[in-house]
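Student: Submitted below is the structure of interest, expressed as structure tokens.
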Amino acid sequence: MSKLLEVPVIDIARFRFGDAEDRRAVAREVDRACTDIGFLIIDGHGVDPGLIERTRAVSREFFDLPEAEKRRVARPGVDVSRGYTGLEDESVARSRDATATQGDLNESLMIGPVDRPDEAYATAPAAGQHFAPNIWPERPAALRPVWTEYYRAMGDLAATIMRIFALALDLDEDYFDDKIDKHISRLRLRNYPAQAQAPKPGQIRAGAHSDYGSLTILCTEDKPGGLQVCNAEGEWVDVPIVPGTFIINIGDLMERWSNDRWVSTLHRVVNPPAGAGGAARRQSIVFFHNPNYDARIECLPNCTREGEAPRYPVTTSGDHLRSMFVTTQNTATAAETEA
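Numbering (numbering that gives the first Met the number 0), first residue to last: 0 to 338.
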């Protein structure tokens, strides 16, 4: 069977409501997508469309605020994934290429867990900043309750997807349950403003990178200057925007867990055509699902052939994520936040 070179659409309602054979059929489709291209589009997910629209609207209100007001909730440190990050403050390409210097042409606001686990777990030394308090803006007032509801909905959806992943990897469906029950996921809204002036040479909306955690759930808009994935032939292909669906990709930790059976694919967000104007403003709602900070990330028992060794050293979700968060921050921003 030839490799998938485009991102497939998979209806997961068959997993959610079907019988054992339906569930296995969905898992097989997901396994192929994660093996070949690392991305898939899911339909039948059950998330309220009204919640998605409320999240979009309230986030747009925040990004329309004056820069000075947004900076009042600025990210407090390079290892603290909370708060506002301004235009060109981050270069996600640096996670793969230390020489990448151009800042990305987007701004963002992010939060972490909205439901704190027991205090001993949340404040243990190994927890680091993964349960740092969220930094909520004063305006718009509706942002906090809407984002909280959306974060919880994505946590539930991610748990379902991880069960599909387990079945796709020939594991018990509940294999990952105790590794994500105190997850340290992030909800991040990225605003890609219309480009009033030409980007610097080599500068795009988000540089080529892979995501860091277990999986990402993306809801975005069909606007000029969108998401592209590097397929198995080394070609950059557009990810289609299908109404009512989510774009899913696996991250580095799932690649490590599967010993490279599944691929954490390079992707990027390109610039809109010159002269696109206000129509090119684009907003992405991104839920980065990350396992519990103490979850051991080591080769799954059935992801090596006889005589083959694991390709990655053992790590934890928390240690890996912290190193990635620090790496991608621009030097100037880091200096400002540490001053």
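Just so you know, even glycine gets a beta-carbon here, dropped at the ideal spot from N, CA and C.
Might you give, ordered along the chain, the residues of its own chain that have their beta carbon closer than 7 angstroms to the beta carbon of Arg53, omitting 5 neighbours on each side?
Tutor: Val145
Student: Three or more beta-carbon pairs under 8 angstroms between the segment 34 to 41 and the segment 270 to 279, yes or no?
Tutor: Because the criterion of three Cβ pairs below 8 angstroms is not met, the segment 34 to 41 and the segment 270 to 279 do not touch.
Student: Report back the beta-carbon spacing between Ala26 and Leu166 to the nearest angstrom; my notes put them in contact at under 8 angstroms.
Tutor: 4 angstroms
Student: How should Trp261 be labelled, buried or exposed, when 16 other C-beta atoms within 10 angstroms of its C-beta is the threshold for buried?
Tutor: buried
Student: To the nearest angstrom, how far is it from the Cα of Glu148 to the Cα of Arg304?
Tutor: 43 angstroms
Student: For the 8 angstroms Cβ check, are there 3 or more pairs between the segment 201 to 208 and the segment 58 to 72?
Tutor: Flag = no, the segment 201 to 208 and the segment 58 to 72 do not touch.
Student: Measure the C-alpha to C-alpha separation of Thr159 and Tyr292 and round it to an integer number of angstroms.
Tutor: 20 angstroms
Student: Helix, strand or coil, according to DSSP, for Glu335 in the structure here?
Tutor: Because Glu335 carries a pLDDT of 33, less than 50, the predicted location of this residue cannot be relied on, and the following value inherits that uncertainty. Of the three classes helix, strand and coil, the one that applies to Glu335 here is helix, per DSSP.
Student: Please classify Trp235: does DSSP put it in a helix, a strand, or coil?
Tutor: strand
Student: Can you find the residues in the same chain that come closer than 7 angstroms, C-beta to C-beta, to Lys178, ignoring five residues on each side of it along the sequence?
Tutor: Pro290, Asn291, Ala294
Student: To the nearest angstrom, how far is the alpha carbon of Ala12 from that of Asp176?
Tutor: 20 angstroms
Student: How about the segment 311 to 318 and the segment 223 to 236: do they share at least three Cβ pairs that are nearer than 8 angstroms?
Tutor: no
Student: In this structure, does DSSP put Asp318 in helix, strand or coil?
Tutor: helix
Student: Return the CA-CA distance between Tyr174 and Ala131, expressed in angstroms with no decimal places.
Tutor: 28 angstroms
Student: Could I get the ranges of all uninterrupted beta strand (DSSP E) runs contained in the segment 240 to 287, with 3 residues as the minimum, in chain order?
Tutor: For the segment 240 to 287, whole beta strand (DSSP E) runs of length 3 or above, ordered along the chain, are 245 to 249, 266 to 268.
Student: Can you list, in chain order, the residues of its chain whose CB lies under 6 angstroms from that of Phe164, leaving out five sequence neighbours each side?
Tutor: none
Student: Is Ser58 helix, strand or coil when you go by DSSP?
Tutor: helix
Student: Since Arg189 is in the beta strand (DSSP E), which residue starts that stretch and which ends it?
Tutor: 185 to 191
Student: According to DSSP, simplified to helix, strand and coil, what is Leu50?
Tutor: helix
Student: Helix or strand or just coil, what does DSSP make of Ile160?
Tutor: In this structure, Ile160 counts as helix in the three-state DSSP scheme.
Student: Report the option in Tyr150, Ala308, Glu297, Arg15 whose CA atom is closest to the CA atom of Glu254.
Tutor: Glu297
Student: Between the alpha carbons of Phe344 and Ala123, how many angstroms are there, rounded?
Tutor: Limits of the chain in this structure are 0 at one end and 338 at the other, which puts residue 344 out of reach.
Student: Taking 6 angstroms as the limit between beta carbons, can you name the residues of its chain near Ile249, skipping five residues before and five after?
Tutor: Cys33, Gly37, Leu214, Trp261, Ser263
Student: Output needed for Leu265: all residues of its chain with C-beta closer than 8 angstroms, excluding positions within five of it in sequence on either side, in chain order.
Tutor: Arg95, Ala207, His208, Ser209, Val228, Cys229
Student: Could you check the C-alpha separation between Asp78 and Gly317 for me, to the nearest Å?
Tutor: C-alpha of Asp78 to C-alpha of Gly317: approximately 11 angstroms in a straight line.
Student: Please report the distance separating the alpha-carbon of Arg308 from that of Asn105.
Tutor: According to the sequence displayed, residue 308 carries Ala and not Arg. About 40 angstroms.
Student: State yes or no: is the C-beta of Leu108 within less than 8 angstroms of the C-beta of Tyr150?
Tutor: no
Student: Should Asn301 go down as buried or exposed, given a rule of 16 or more other Cβ atoms within 10 Å for buried?
Tutor: exposed
Student: Give the secondary structure of Tyr83 by DSSP, where H, G and I count as helix, E and B as strand, and everything else as coil.
Tutor: Residue state, collapsed to three classes: strand.
Student: Could I get the ranges of all uninterrupted alpha helix (DSSP H) runs contained in the segment 16 to 50, with 4 residues as the minimum, in chain order?
Tutor: Taking only runs of at least 4 residues, the alpha helix (DSSP H) segments lying wholly in the segment 16 to 50 are 19 to 35.
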